[in-house]
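Asker:
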Amino acid sequence: MGKEENYAYLPIKDALEAIKQKVNLFGVITEYGLPEMSRGTDWFCTLKVMDESYQGHGLVINVFGESGDKLPLVRSAGDIVRFTLVMIDLHNGKINVVFKKSISTFALFEGKSSKSFIPYQASSSYTLKDPEKDILTSLRTWLLNYQLDSGASESILSLGKITEGKNFDLVCKILTVCKVSKDAWMLFLWDGTDTPPLSCQTKLNLELENPLPLQPEASLLPRDVLCEFPTVGTVLRMFVDQASEKLALQLPCRWVKVIDLKCEELFGLWCSHLKPSTRVRILSDEDVVVIDRQRVYEDRLPSKWDRMPSSAFPWPSQITETDHGHVPFATLMDALTYSEKKFFDGYPPMDVLTSKRNTLLGIAAEDDVEDLDAPRNPPWGCIIHRESSWTPVKNLIILAGYAHFVIHYSNRVLPLQANKGSGLSSSFVNNKEKEMTITPVVRISDGKIVVKGQTILSGVPDNVISTSASNSGPVDGIFIGAQFEESNSTHVVSLGTLSNVRFLACFRFKLWWMAQKMGYEGRDVPMETQFLLLESNGYDESNQVMYTVLLPLIEGPFRSCLQGNIENNELELCFESGDIKTKASSFTHSLFINSGSDPFTTITDSITAVKYHLRSFRQRFEKKLPEIVDYFGWCTWDAFYQNVTQEGVEDGLKSLYLGGAAPKFVIIDDGWQSVGSDPEKLRNDCKSEPSLRLTGIKENDKFKNKEDPALGIESIVNIAKKKYGLKYVYVWHAITGYWGGVSPDVEEYESSIKYSTESNGVVANDPTWKIDPLVEHGLGLVNPKQIYRFYNEMHEYLASAGVDGVKVDVQSVLETLGTNLGGRVQLTKQYHQALDASVNKNFPDNGIIACMSHNTDSLYCSKQAAIVRASDDFYPRDPVSHTIHIASVSYNSVFLGEFMQPDWDMFHSVHPAAEYHASARAISGGPVYVSDAPGKHNFELLRKLVLPDGSILRARLPGRPTKDCLFSDPTRDGVSLLKIWNMNKYTGVIGVYNCQGAAWSDVGKKNMFHKTQGEVLTGAVKGSDVHLIGEAATEANWKGDCALYSHREGEVVVIPNNAALPVSLKILEHEIFTVSPIKELAPGSRFAPLGLIDMYNAGGAIEGLNYEVKHSTVLPEVENGYVGDAPVENESSKGMDRVLMKIKGSGRFGAYSSIKPSQCIVGSVAVDFSYDSLFGLLTLSLDQLPADDGSKVQVVEVML
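Going by numbering that gives the first Met the number 0, 1051 is the number at position 1052 of the sequence shown; the sequence numbering is gapless.
Structure, rendered in structure tokens:
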């Protein structure tokens, strides 16, 4: 075999036709097994290989050798193998590829990341020739855009889905391997999920005499090994006999697919054995299933409830209250690997240990621990939730130091919660001795949907069914479904009559966008309603106002929405698959209903419960926000539309840079891509202009460097970053590539023209959709099997050019293209999974903005995008749109803000409504960017938004309507002002807007002006309008008094708790109030920081706040404490209080002080200040930006 030969290599697809012949192959290894003994004297291993001609799960090749070290020892899936003279045979009707040790050879090469042509292992010496090097290079190039997939099948289960005695395949990570006896080894397997609970059959008396061991292995693993284990998810033990010892030792810290596995109960724990028929295949870390398992685990880590094992639900009766309900649950692995000292602190003497144990059990020092009737006052209560029998808890060890515990022992879950007051009179409640009836807050009873005693919907049909939501977290909600006699692709069911209940509906008035609608009756609920919030009074003793959330969901391939029935005044639930071949007749979880006393908390809890149920999306607070949100930006759209050029982009950046408002990010919108229309012969006889389709993933000629055409979009990226100091460059593309999709001429993505299937609700709300060019000309839809490749190749090219992210538009179009592809939900899910994976791979800052994506198909299938456009566009030339825009973004954010940070869109700084739009963007919590044409800027306005370093003072949350505005209609009712609230670290902010005079018309199906009752409206603001203002206070016993600074008037007003300040505005007028909790330092001495008061969101500048109170002397001017709001001069010399603040940026700093300060210091230098004794307004100038020492803040000290 040492002779140099010239081999001819076949693609795998062609080789499979060469039955009974010897062939030569190159292939990518997708899976590989470790060497094992055959039934004879040989060793063997199995490889799966593929190439561009034969994709999918791969071709199985069995390799035989004299010993294990003579077989291929593959370093990683994704490596490349060269085989010569392997035999293609047919056995029992299946193709069998055999490597014969006497004549066949192999060579292993590193995968896509390598350029080497030298194998790292070969069965014989051989030097690749140029044609073979070309094959190897071609495979590596193809691999760059291919994602390995070990395959999804019914046999592959997660640990969370296993059942005792059933064979299955498992994709998992082997955490470690240990020897448990002379002849046995043990593998510890993990996939990030939790095994189902097991019933441990034992009797109490036997358990006391012969307790079950804590673990099947003789000794615990070393703590340093345990500290490397994931803290969430079951670790499954697999026993391996001595014959497989070598196999076991090669597996630690590897992702594998275990084929033909069976689990059983051992000592109350799930365990498994490596059977003779079991096969282990090592996978790549980039495998699709591996990535999914990792993502499930990463999704669970930041979540409070997702750390709970699934068997913790349904949630036990809430018979305890907790002092720290916000504290996340900790697993036993968290406690075991916790680095700080534990309650027991090592190995104390027995008397110390006994004392500490008694403290935990609530036993007084003088009591006898054996006296079961002695009163106890434990600091915790243990609630055991079981349906019937009383199961003993053995060897229970409690670790202190956490407010919450979840003890998951022998696959049983025991929540431990810190009690208020003296604790439970009995640590355990036996349901045989005492029964407790708890009425759910939301339930269906006697044909009614009832919330805390009040009927919300009456006349609920019998085919409507409900399921408790207790499996989705500690919520009192229910899931709603329906049963139908026949399978169909669409269904509508009545949920009963809705009458005399105030509601807020977020509905789609276009395919792409939502808007708000308020009303009282079922008939008023618009079609395509995706979020419904109801307000009602409970009929119990408290008569408490309750807020009920209705969330239509996706279930399997179906997506649901709500709509009103005009004739019967009913609320209806509509089910649609978007594909006439995708049918169903039974639904159980298509609508979620939950209720609570706080509207914003109830909404968040509801979305959280839905997340646990669907497990297909993540919430806003779980995602990484791209850093563009903290900087000022510019978008090319309204400046150039599709006529944008590289020169135009540079002109816009230069114009803003020279004016002193240099952006730090730019979005190059539609107009940079290579597009074209269909050839004349392929066009339909349509009235509209032919649709443009993408003809390539690179830029068009407008964005090629004139001197060096090979330097494409990288040219403008370099100019933006190096010449004008930008940090980030984003570009636009549609989720389908372009508006008309991808041209079928771009063969590698297997695009084909698909025509839309319109939703009845969308067409009813927007009749113009019927004549949309997409409907007439169709869309070039990339084959879902190639969509990851498409995204990855485009994003990889952009990233290589320095692009940091993408604005992905036209997302809702996918719902119209599901015919023959499994329906709208299935297609959307496939596209979003591929998009998420590509963005995660190519844009480290999570650089993606979702746009035209308001359908729930997209919202419930997206895990990556953290920014979403909140409403229809800013239309600079449409006067009817501006008040509607502000109302829409704020009400839509009530729903959208639970998934992503809403982006309230670009605007023009030179425009009749510029201040109106700019102030709203400043308090939105989202990105702030303009679309000014070059040379058309209002820099005085921009300085209210942008600090000299290009950063902004961004609020912490999505801006949303205040609680008292949720059910008022500020665009139609003629009496209501819109108030929007948000939070900073130490202040709140309220924006007040007159949005009357224009709204979406139910009749005209478009935005229209309407008459108003008067020119000026008057409303009122109070400190508590900022829903979470208490979180900004620095003291627990804050009384609720606030200082309100009016941005328009430049005045500060003290508002006692629950007092209100009137405000009057004309249409298109606004006012911004900074709301700061007042700190009482001493009787008569009160203080509240306001921030950089020339900025819209002044309080966003306050990064730190600390009060040092050194006296409590009554001031000479004040008798019996502080009286009234009038400030007084401080003449006390018996001591000075000090206020220390960290301020971001530069400008005019302001604060409320009831007395004149004795001194103000910036850094270490005393500075001049002004004090208005009439209003108590303290101001001083912060002229310079903070020193570039990394802190980015200035320390301001006020002496009182």
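Think of the CB as a built atom: it goes at the ideal place given N, C-alpha and C, for glycine as much as any other residue. No experiment lies behind these values; they were computed from the predicted model shown.
What number of angstroms, rounded off, separates the C-alpha of Val1195 from the C-alpha of Lys1021?
Answerer: The residue you call residue 1195 lines up with position 1196 of the sequence shown. The residue you call residue 1021 lines up with position 1022 of the sequence shown. Looking at the two C-alpha atoms, the distance is approximately 28 Å.
Asker: In chain order, what residues of the same chain have a beta carbon less than 6 Å from the beta carbon of Gly64, not counting five sequence neighbours either side?
Answerer: Stepping through the sequence shown from its first residue, residue 64 is reached at position 65. Cβ within range, chain order: Trp42, Leu70 and Lys100.
Asker: Could you name the residues of the same chain whose beta carbon sits closer than 8 Å to that of Pro947, not counting the 5 residues immediately before and after it, in chain order?
Answerer: As a working note, residue 947 is residue 948 in the sequence shown. Gly659, Gly1144, Ser1145 and Leu1184, listed in sequence order.
Asker: Taking Leu940 as the reference, which of Val909, Ser923, Ser950 and Arg959 has the closest Cα?
Answerer: For the purposes of this step, residue 940 is taken as residue 941 along the sequence shown, with counting starting at 1. Residue Val909 is the option with its Cα nearest to Leu940.
Asker: Can you confirm whether the segment 960–974 touches the segment 500–513 when touching is taken to mean that 3 or more C-beta pairs between the two stretches lie within less than 8 Å?
Answerer: Output reads yes: the segment 960–974 touches the segment 500–513.
Asker: Give the straight-line distance between the Cα atoms of Gly821 and Asp578, rounded to the nearest whole angstrom.
Answerer: Within the sequence shown, the letter at position 822 stands for residue 821. Within the sequence shown, the letter at position 579 stands for residue 578. Taking the straight line from one Cα to the other gives about 7 Å.
Asker: Taking only runs that begin and end inside the segment 7–36, name each unbroken beta strand (DSSP E) of 3 or more residues, in chain order.
Answerer: 20–32
Asker: Does the segment 727–745 touch the segment 802–821, meaning 3 or more C-beta pairs lie closer than 8 Å?
Answerer: yes
Asker: Please determine, among Asp298, Cys270 and Ser469, the residue with the shortest C-alpha to C-alpha distance to Gly191.
Answerer: Sequence index remark: in the sequence shown, residue 191 carries index 192 (1-based). Measuring from the Cα of Gly191, the nearest candidate turns out to be Asp298.
Asker: To the nearest angstrom, how far is it from the Cα of Ser425 to the Cα of Thr358?
Answerer: Your numbering for residue 425 matches position 426 in the sequence shown. Your numbering for residue 358 matches position 359 in the sequence shown. Confidence is the limiting factor: at Ser425 the pLDDT is only 31, short of 50, which leaves the residue's position unreliable, though a coordinate-based value still follows. For Ser425 and Thr358, the distance between alpha carbons rounds to 15 Å.
Asker: So the candidates are Lys622, Gly1083, Glu746 and Ala912; which of them puts its Cα closest to the Cα of Val867?
Answerer: As a working note, residue 867 is residue 868 in the sequence shown. The shortest Cα separation from Val867 among Lys622, Gly1083, Glu746 and Ala912 belongs to Lys622.
Asker: Using the Cβ count rule (16 or more neighbours within 10 Å means buried), how would you classify Gln641?
Answerer: Residue 641 sits at position 642 when you count from the first residue of the sequence shown. It is exposed - the Cβ of Gln641 has fewer than 16 other Cβ atoms within 10 Å.
Asker: Could you please give me the residues that DSSP links to Phe599 through a beta bridge?
Answerer: By 1-based counting over the sequence shown, the position of residue 599 is 600. DSSP, once it has assigned bridges, lists no residue as partnering Phe599.
Asker: Keeping to the same chain, check which residues put their C-beta closer than 7 Å to that of Ser486; ignore five residues upstream and five downstream.
Answerer: By one-based count along the sequence shown, residue 486 stands at place 487. Around Ser486: Lys582, Ala583 and Ser584.
Asker: Could you tell me the distance, in whole angstroms, from the CA atom of Lys178 to the CA atom of Cys270?
Answerer: Taking the sequence shown and counting its residues from 1, one reaches residue 178 at position 179. Taking the sequence shown and counting its residues from 1, one reaches residue 270 at position 271. Cα to Cα, the separation comes out at about 16 Å.
Asker: Assuming Gly896 contacts Pro843 (C-beta within less than 8 Å), just tell me the rounded distance between them.
Answerer: Within the sequence shown, numbered from 1, the residue matching residue 896 stands at position 897. Within the sequence shown, numbered from 1, the residue matching residue 843 stands at position 844. Not quite, the Cβ-Cβ distance comes to about 25 Å (not below 8 Å), so this is no contact.
Asker: Starting from Trp903 and walking both ways along the alpha helix (DSSP H), at which residues does that stretch end?
Answerer: Residue mapping note: residue 903 aligns to position 904 of the sequence shown, counting from 1. Taken as a continuous stretch (DSSP letters only), Trp903 belongs to no alpha helix (DSSP H), as it is neither H nor E.
Asker: Specify, as a first and last residue, the run of the alpha helix (DSSP H) that Pro130 falls within.
Answerer: One-based indexing of the sequence shown puts residue 130 at position 131. First-last of the alpha helix (DSSP H) with Pro130: Asp129 to Leu142.
Asker: Suppose the cutoff is 6 Å on Cβ atoms and the five residues either side in sequence are ignored; what does the same chain contact list for His490 look like?
Answerer: For the purposes of this step, residue 490 is taken as the residue at position 491 of the sequence shown. Excluding residues within five positions, the ones whose Cβ falls inside 6 Å are Phe483 and Phe574.
Asker: Less than 8 Å between the CB atoms is what I'm expecting for Thr29 and Leu138, so what's the real figure, rounded?
Answerer: Within the sequence shown, numbered from 1, the residue matching residue 29 stands at position 30. Within the sequence shown, numbered from 1, the residue matching residue 138 stands at position 139. With 8 Å as the limit, Thr29 and Leu138 do not qualify as a contact, their Cβ atoms being about 12 Å apart.
Asker: Taking the alpha carbon of His853 as the reference point, which residue from Asp1136, Trp141, Phe508 and Asp284 has its own alpha carbon closest?
Answerer: Along the sequence shown, one-based indexing puts residue 853 at 854. For His853, the nearest C-alpha among the options comes from Phe508.
Asker: Residues in the same chain with beta-carbon distance under 8 Å from Ala913, minus the five sequence neighbours each way, listed in chain order, please.
Answerer: Position 914 of the sequence shown, counted from the start, is the residue given in the question as residue 913. For Ala913, where only same-chain residues beyond five positions count, the Cβ hits under 8 Å are Phe906, His907, Asn937 and Leu940.
Asker: Quick check on DSSP: helix, strand or coil for Glu749?
Answerer: Stepping through the sequence shown from its first residue, residue 749 is reached at position 750. Here Glu749 sits in coil by DSSP.
Asker: Can you tell me which of the three DSSP states Ala608 falls into?
Answerer: Walking along the sequence shown from the start, residue 608 turns up at place 609. Helix at Ala608.
Asker: So what does Ala1150 bridge to, in DSSP terms?
Answerer: Sequence index remark: in the sequence shown, residue 1150 carries index 1151 (1-based). Ala1150 is bridged to Pro1088 and Leu1177.
Asker: Let me check understanding here. Comparing Cα to Cα, which of Leu1091, Tyr1044, Leu1064 and Glu1034 lies closest to Glu1107?
Answerer: As a working mapping, residue 1107 is identified with position 1108 in the sequence shown. Answer by Cα proximity: Glu1034.
Asker: Mapping DSSP to helix, strand and coil, what is Ala836?
Answerer: The sequence position of residue 836 within the sequence shown is 837, counting from 1. In the structure shown, Ala836 sits in a helix (DSSP, three-state: H, G or I).
Asker: Report all residues from its chain with a CB closer than 6 Å to the CB of Val392; omit the five preceding and five following residues, and keep chain order.
Answerer: The residue given as residue 392 occupies position 393 in the sequence shown. Low local confidence applies: a pLDDT of 34 at Val392 is under 50, so the model's placement there is unreliable, with the coordinate-based value given in what follows. Excluding sequence neighbours, Val392 sits near nothing in its chain.
Asker: Do Thr635 and Asp668 count as a contact pair if the criterion is CB distance below 7 Å?
Answerer: To locate residue 668, count along the sequence shown from 1; it is residue 669. To locate residue 635, count along the sequence shown from 1; it is residue 636. It is a contact, given that the beta carbons lie within the stated cut-off.
Asker: Provide the residue span of the alpha helix (DSSP H) that contains Asp637, from first to last.
Answerer: By one-based count along the sequence shown, residue 637 stands at place 638. Per DSSP, Asp637 belongs to the alpha helix (DSSP H) from Trp636 to Phe639.
Asker: Could you pull the DSSP bridge partners for Phe530 from this structure?
Answerer: Your numbering for residue 530 matches position 531 in the sequence shown. In DSSP, Phe530 forms a bridge with Cys505.
Asker: Relative to the C-alpha of Tyr524, which residue among Val544, Leu510, Leu1089 and Cys560 is closest?
Answerer: Residue 524 sits at position 525 when you count from the first residue of the sequence shown. The sequence as given places Val at residue 524; Tyr does not occur at that position. The candidate whose alpha carbon is nearest that of Val524 is Cys560.
Asker: What do you get for Phe1008, buried or exposed, if any count of 16 or more other CB atoms within 10 angstroms of its CB means buried?
Answerer: Indexing the sequence shown from 1 puts residue 1008 at position 1009. It counts as exposed.
Asker: Since Ile1101 and Asn983 are thought to touch, with beta carbons under 8 Å apart, how far apart are those beta carbons, to the nearest angstrom?
Answerer: The residue you call residue 1101 lines up with position 1102 of the sequence shown. The residue you call residue 983 lines up with position 984 of the sequence shown. The pair is a contact, with the Cβ atoms about 7 Å apart (cut-off 8 Å).
Asker: Please report the straight-line C-alpha distance between Ile712 and Val27, rounded to a whole angstrom.
Answerer: Along the sequence shown, one-based indexing puts residue 712 at 713. Along the sequence shown, one-based indexing puts residue 27 at 28. Their Cα atoms are separated by approximately 33 Å.
Asker: Work out the CA separation of Thr986 and Trp512 for me, nearest whole Å.
Answerer: Taking the sequence shown and counting its residues from 1, one reaches residue 512 at position 513. Taking the sequence shown and counting its residues from 1, one reaches residue 986 at position 987. Note on geometry: alpha-carbon atoms of Trp512 and Thr986 lie some 32 Å from one another.
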